[in-house]
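With positions in the sequence shown counted from 1, the corresponding number in our numbering is that position plus 661.
In this text, a Cβ means the ideal position worked out from N, Cα and C, and glycines have one as well.
Below: the structure, in structure tokens.
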Amino acid sequence: MYSASDEVADKIIVSGHSDAGWANDPETRKSVTGYVLTIAGGAVAWATRRQTITAQSTAEAEYVAAYEATMEGREIINMLDEAQHVIKVNQIKAAR
């Protein structure tokens with residue numbers, strides 16, 4: 662599972678968590694990505710979908726899931742930035 666968070670100057674926290682199941686689609690052997698993004702603890706974006714690539718390992722599937730969550734998270738952060746919020750980046754954490 663991958664986890665990251667950014668904190669806006671007025672203490673709004675944007676967090677993201679992702680996970681992947683390696684080759685768990687029995688017909689295609691594709692991995693499945695899942696993620697949720699929150700602002701101040703409330704879910705604002707989430708997805709569960711089959712990955713477009715065929716991951717060769719659990720680690721690769723997890724990286725793909727983390728990448729997809731990060732791209733969605735960047736959109737949220739850009740939206741907050743355009744709304745004149747100042748973004749403070751916190752440490753990015755990834756579970757092993």
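A704 and Q717 have their C-alpha atoms spaced approximately 31 Å apart.
The Cβ neighbour count for T694, taken over all protein chains shown within 10 Å, is at least 16; the residue is labelled buried. Taking 8 Å as the cut-off, the beta carbon of D686 is found no closer than this to the beta carbon of A726. Under the three-state reduction of DSSP, I673 is assigned to coil, being neither helix nor strand.
Separation of T719 and T709 (C-alpha to C-alpha, rounded to the nearest whole angstrom) is 17 Å. Under the three-state reduction of DSSP, I700 is assigned to strand.
The alpha carbon of G682 has as its nearest neighbour, out of A701, L698, Y724, S676, the alpha carbon of Y724.
Pairing I737 with A706 gives a Cβ-Cβ distance under 8 Å.
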